[in-house]
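Asks: Note that the sequence shown covers residues 3 to 178 in this note's numbering.
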Amino acid sequence: LFFMYPPAAALLYLPFGLLSWPSAWLLHQVLSHAALWALVGLWLWRGLPREAAAEERLAVAAMILLFFPVYYALQIGQSEPLILCLLTGSLIGLRRGREAWPALCLAVAIVLKLFLGLLLLHYALRRRPRYVLWCLLWLGLLSAAALPAVPWEAQVAYWRRVSSPLGIEAFYDNQS
């Protein structure tokens, strides 16, 4: 039970289970690299202020591309590049005054890493109730959509296990 994803994550990983291991690994690597490059593009063209100098843009790209946890996640096949891209898309969407699709980005990120749900508390405290409600709606829809892939009994068992004390301590190479 150490590295269990929430049941709705099955929606993301189910297609990989239909492929052979080498094909699934290759597809996951291609998608992870695409997410990484999308993240770089989002920050360079949308995340930075328009008046940012070319040197600032280059520095941001270098920091992202040289950040060890990114390469470690790519090496061992983790979902962090996708999560980082989703969080970036959510932040940029919120900066542009949108709420529905940025909340979907955050909801998918939460489905992949539950502790990101703490961001909902942050946005509630920042008085963004519509954004929080959108995100909760998306989380509910994602959970409902996962029912055909993950039986109700397994979902209940997961949430029961997660809500009990796990006794797991952090360790140095946990990139989360």
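From the three backbone atoms N, C-alpha and C, an ideal C-beta is built for every residue, glycine too.
Note that the structure is predicted; figures quoted are calculated from it, not measured.
Going by DSSP, what residue range makes up the alpha helix (DSSP H) through Val158?
Replies: Counting along the chain, the alpha helix (DSSP H) containing Val158 begins and ends at Trp154 to Ser165.
Asks: Examine the Cβ distances between the stretch 33-41 and the stretch 81-97 and report whether three or more of them are shorter than 8 Å.
Replies: Taking 8 Å as the limit for Cβ pairs, the verdict is that the stretch 81-97 does touch the stretch 33-41.
Asks: Please classify Val158 as buried or exposed, where buried requires at least 16 other C-beta atoms within 10 Å of its C-beta.
Replies: It is exposed - the Cβ of Val158 has fewer than 16 other Cβ atoms within 10 Å.
Asks: With a CB to CB cut of under 6 Å and the five nearest residues on each side skipped, what residues in its chain are close to Leu141?
Replies: Only Ala109 meet the Cβ criterion.
Asks: Roughly how many angstroms separate the alpha carbons of Tyr160 and Leu46, rounded to a whole number?
Replies: Approximately 39 Å between the Cα atoms of the pair.
Asks: Alpha helix (DSSP H) containing Ser34: first to last residue?
Replies: Per DSSP, Ser34 belongs to the alpha helix (DSSP H) from Trp23 to Leu44.
Asks: Just to confirm my understanding: we take Ala102, look at its own chain, exclude 5 residues before and 5 after, and list those with CB closer than 8 Å. What are they?
Replies: For Ala102, where only same-chain residues beyond five positions count, the Cβ hits under 8 Å are Trp136.
Asks: Report the three-state DSSP secondary structure of Ala151 (helix, strand or coil).
Replies: Coil.
Asks: Taking a contact to mean a Cβ-Cβ separation below 8 Å, would you say Cys107 touches Gly91 in this structure?
Replies: Their beta carbons are under 8 Å apart, which means Cys107 touches Gly91 by this criterion.
Asks: DSSP three-state call for Gln80: helix, strand or coil?
Replies: Coil at Gln80, not helix or strand.
Asks: Give, in chain order, every unbroken run of the alpha helix (DSSP H) that is at least 4 residues long and sits entirely within the stretch 61-138.
Replies: Segments of the alpha helix (DSSP H) lying fully in the stretch 61-138: 70-78, 82-97, 102-114 and 120-127.
Asks: DSSP state of Glu57, grouped into three classes?
Replies: Glu57 falls in the helix class under three-state DSSP.
Asks: Apart from the five residues on each side of it in sequence, which residues of its chain come closer than 6 Å, Cβ to Cβ, to Ala12?
Replies: Closer than 6 Å at the Cβ level, and outside the excluded window around Ala12, lie Ala148, Ala151 and Val152.
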